[in-house]
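Novice: Residue numbering for the sequence shown follows my numbering, starting at 957 and increasing by one per position. Idealized CB from N, CA, C, for every residue including glycine. All of these numbers come straight from a predicted model, not from anything done at the bench. My questions will all concern the structure given below.
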Amino acid sequence: MSENSRETFGSRLGFIFLSAGCAIGLGNVWRFPFITGQYGGAAFVLVYILFLLFLALPIMVMEFAVGRASQKSMSRSFSKLCPEHKIWSIWGYIGWAGNYILMMFYTVVTGWMLAYTYYSAAGTLAGMNSEAVGNFFGGLLSNPTELVSWMTLAIVIGTVVCYSGLQSGVERVTKIMMAGLLIIMIALAVRAVTLEGADKGLEFYLKPDFNKLVSEGLGTTLYAALGQAFFTLSIGIGSMAIFGSYINRDKTLFGESLIITGLDTFVALTAGLIIFPACFAYGINPGAGPGLIFVTLPNMFNQMPNGQIWGALFFLFMSFAALSTVIAVFENIVACYMDFFNWSRQKSSLIMGVTIFFLSIPCALGFNVWSGFQPLGPGSGVLDLEDFILSNNLLPIGAIVYLLFCVTRYGWGWDKFVEEADAGEGAKFPRGLRFYFTYILPVIMLVILGVGYYQTFAK
């Protein structure tokens, strides 16, 4: 595909919704509520937002800038902008592989959401007590045929959308899903905050208590907030850069990134407004961990008037959040094929879909047939290994690569980056913080990388 024939978004809203859809995923509506519950509520949220603005947001702008300036996917963007230092282009291929690794387990978890949407709507979970709901989830994980089937549905949806085109498929479907996600979220939040006893949950969530920050260990709590702020935006493997390559220079990238980050944060905070008031209303521990979504909340919906409807809506919302990320990352993989091999969108989409299907099977089998494989210690599985490779390695390393590429003279360089970031109308990138971005932020990123290793292997 020639540069002149490159596809573009049909509207600014399409760019914002698709970029936000990539950022808005299960990390917002699954991980964020339970770690907020674990680390003390509102005080944790304030620290998280602070880290989000000073750590993750600037690197998002850098990814967008690399994409928009190069008009290429990450497989070609580094070499296009800095042909004299070819070492940068190595990350283009590693990041491309990182997108595959993300989808190797994310499609499986997305399948869980689709399964729970169906079973909730069908009334399968209705009337179950907590033990029965737990056994149901365990049964789902232990059935390889069912897991692979739901995983396949998630892959087929993402592949068909990308096959249909950027504007007619990816952009159109993402707009519908994001609009549906926001409407369902608001309806669920209104229902949750009006439950009897919800006020205690609102107080826990919205009233800061900084003493709770140290109850789990200040360092551990700060790292949890730091990690959540960084990982929520999915930066480091080019998932955002590709969308930058589809837009014009009418608006500044810092201004657009503020909107996308704000939308991502709104979804995370609203997820808390759904979960915490409901948990307190029904006497449920909001720090219950990942099982909160699949075991605890279905049991809560069973106690709620019209719970079957609210439960189905909740998991439909979760499915939209997961699928928006699947479609966005699929599009990045497809664009890499199109740029690197000059293949058509249709050929790239089909090859990607088939490849991801086979690569995702080990994760699905890791909960049953291959459950004896515990690569990171007792209780771990294939999903944990794949998540470790991505979250503890490729994402933070990729963020460091984009950061150094944009601020050093050995890469694209600060002046060229800022010129691209500030092109158009809107908020300008904070040039006065150049010292921070050049010398302090890289050190913070290295600390994140090191602490991640420590928490995995030394504890």
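Using C-beta distances below 6 Å, list every residue in its chain close to residue 1205, excluding the 5 sequence neighbours before and after it, in chain order.
Specialist: The sequence position of residue 1205 within the sequence shown is 249, counting from 1. Closer than 6 Å at Cβ, skipping near neighbours: 1379, 1380.
Novice: Could you round the C-beta distance between residue 1201 and residue 1024 to whole angstroms and report it? I think they count as a contact, below 8 Å.
Specialist: Taking the first residue of the sequence shown as position 1, residue 1201 is located at position 245. Taking the first residue of the sequence shown as position 1, residue 1024 is located at position 68. Between residue 1024 and residue 1201 the Cβ distance is about 6 Å, and since that is below 8 Å, they are a contact.
Novice: For residue 1228, collect the residues of the same chain with a Cβ closer than 8 Å to its Cβ; drop the 5 residues on either side in sequence, then sort them by chain order.
Specialist: Along the sequence shown, one-based indexing puts residue 1228 at 272. Closer than 8 Å at the Cβ level, and outside the excluded window around residue 1228, lie 988, 989, 992, 1001, 1161.
Novice: Name the two residues that bound the continuous alpha helix (DSSP H) containing residue 1212.
Specialist: The residue labelled residue 1212 in the question sits at position 256 within the sequence shown. Unbroken alpha helix (DSSP H) run through residue 1212: 1209-1237.
Novice: Which ranges does the alpha helix (DSSP H) cover as unbroken runs of at least 4 residues, wholly within the region 1049-1120, from first to last along the chain?
Specialist: Counting only runs of 4 or more, we get 1086-1098, 1100-1119.
Novice: Can you give me the C-alpha to C-alpha distance between residue 1194 and residue 1262, rounded to a whole angstrom?
Specialist: Your numbering for residue 1194 matches position 238 in the sequence shown. Your numbering for residue 1262 matches position 306 in the sequence shown. About 42 Å.
Novice: Rounded to whole angstroms, how far is the Cβ of residue 1346 from the Cβ of residue 1058, which I believe are closer than 8 Å?
Specialist: To locate residue 1346, count along the sequence shown from 1; it is residue 390. To locate residue 1058, count along the sequence shown from 1; it is residue 102. Yes, residue 1346 and residue 1058 are in contact; Cβ-Cβ is about 5 Å, under 8 Å.
Novice: For the alpha helix (DSSP H) containing residue 1263, list its first residue and its last residue.
Specialist: On the sequence shown, position 307 is the one that residue 1263 refers to. Taken as a continuous stretch (DSSP letters only), the alpha helix (DSSP H) holding residue 1263 covers 1263-1297.
Novice: Residue 1322 and residue 1081 look like a contact to me (Cβ under 8 Å); what is the Cβ gap, rounded to whole Å?
Specialist: If you number the sequence shown from 1, residue 1322 lands on position 366. If you number the sequence shown from 1, residue 1081 lands on position 125. The pair is not a contact, with the Cβ atoms about 24 Å apart (cut-off 8 Å).
Novice: Hey, residue 1203 and residue 965 are a contact pair by Cβ (cut 8 Å); roughly how many whole angstroms apart?
Specialist: Working through the sequence shown from its first residue, we reach residue 1203 at position 247. Working through the sequence shown from its first residue, we reach residue 965 at position 9. So it is a contact: roughly 6 Å between Cβ atoms.
Novice: Taking the alpha-carbon of residue 1370 as reference, which of 1191, 1394, 1016, 1020 has the nearest alpha-carbon?
Specialist: By 1-based counting over the sequence shown, the position of residue 1370 is 414. Considering only alpha carbons, the answer is 1394.
Novice: Where does residue 1365 land, buried or exposed, given buried means 16+ other C-beta within 10 angstroms?
Specialist: Residue 1365 sits at position 409 when you count from the first residue of the sequence shown. Exposed is the call here.
Novice: What does a CB cutoff of less than 8 Å around residue 1170 pick up in its chain, not counting 5 residues either side in sequence?
Specialist: In the sequence shown, residue 1170 corresponds to position 214, counting from 1. Correct list, in chain order: 1177.
Novice: Could you check whether residue 1061 and residue 1342 sit closer than 8 Å to each other, using their CB atoms as the reference points?
Specialist: Translated into the one-based positions of the sequence shown, residue 1342 becomes position 386. Translated into the one-based positions of the sequence shown, residue 1061 becomes position 105. Result yes, Cβ atoms of residue 1342 and residue 1061 sit closer than 8 Å.
Novice: DSSP three-state call for residue 1172: helix, strand or coil?
Specialist: Here residue 1172 refers to the residue found at position 216 of the sequence shown. Coil, per DSSP.
Novice: Using three-state DSSP, classify residue 1375 as helix, strand or coil.
Specialist: Position 419 of the sequence shown holds residue 1375. DSSP places residue 1375 in helix when its eight states are reduced to three.
Novice: For the putative contact between residue 1338 and residue 1329, defined by C-beta atoms under 8 Å, what is the C-beta separation to the nearest angstrom?
Specialist: For the purposes of this step, residue 1338 is taken as the residue at position 382 of the sequence shown. For the purposes of this step, residue 1329 is taken as the residue at position 373 of the sequence shown. Correct: roughly 7 Å between the Cβ atoms.
Novice: Among 1071, 1101, 977, which has the Cα closest to the Cα of residue 1417?
Specialist: Here the chain has residues from 957 to 1415 only, and residue 1417 is not among them.
Novice: Beta-carbon within less than 7 Å of residue 1067's beta-carbon, same chain only, minus the 5 sequence neighbours each way: which residues are those?
Specialist: Here residue 1067 corresponds to residue number 111 of the sequence shown, with the count starting at 1. Correct list, in chain order: 1103, 1106, 1107, 1109, 1110.
Novice: Residues in the same chain with beta-carbon distance under 6 Å from residue 963, minus the five sequence neighbours each way, listed in chain order, please.
Specialist: Counting from 1 along the sequence shown, the entry for residue 963 is found at position 7. Around residue 963: 1122.
Novice: Within a Cβ cutoff of 6 Å, which residues of the same chain sit near residue 1047, ignoring the five residues on either side of it in sequence?
Specialist: Stepping through the sequence shown from its first residue, residue 1047 is reached at position 91. Cβ within range, chain order: 1357.
Novice: Residues in its own chain within less than 7 Å of residue 1320 by CB, not counting five upstream and five downstream?
Specialist: Taking the sequence shown and counting its residues from 1, one reaches residue 1320 at position 364. Taken in chain order, the residues that qualify are 1064, 1100, 1103, 1104, 1107.
Novice: Can you name the residues that DSSP bridges to residue 963?
Specialist: For the purposes of this step, residue 963 is identified with residue 7 of the sequence shown, where counting begins at 1. None, per the DSSP bridge assignment.
Novice: Could you give the DSSP three-state label for residue 1424: helix, strand or coil?
Specialist: Lying before the first or after the last residue shown, residue 1424 is absent from the chain, which here runs from 957 to 1415.
Novice: Does the separation of the CB atoms of residue 1283 and residue 1130 fall below 8 Å?
Specialist: As a first step, residue 1283 is located in the sequence shown; it is residue number 327 there, counting from the start. As a first step, residue 1130 is located in the sequence shown; it is residue number 174 there, counting from the start. Yes; because the gap between Cβ atoms is below 8 Å, this pair is in contact.
Novice: Closest by CA to residue 1275, which one among 1138, 1382, 1367?
Specialist: Position 319 of the sequence shown, counting from 1, holds the residue named residue 1275. Comparing Cα positions, the closest option is 1138.
Novice: Assuming contact is defined by CB atoms lying nearer than 8 Å, are residue 1351 and residue 1187 in contact in what I supplied?
Specialist: For the purposes of this step, residue 1351 is taken as residue 395 along the sequence shown, with counting starting at 1. For the purposes of this step, residue 1187 is taken as residue 231 along the sequence shown, with counting starting at 1. Cβ distance < 8 Å, so residue 1351 and residue 1187 count as in contact.
Novice: On the criterion of 16 or more Cβ atoms from any shown chain inside 10 Å, does residue 1034 qualify as buried, or is it exposed?
Specialist: In the sequence shown, counting from the first residue as 1, residue 1034 sits at position 78. Burial call: buried.
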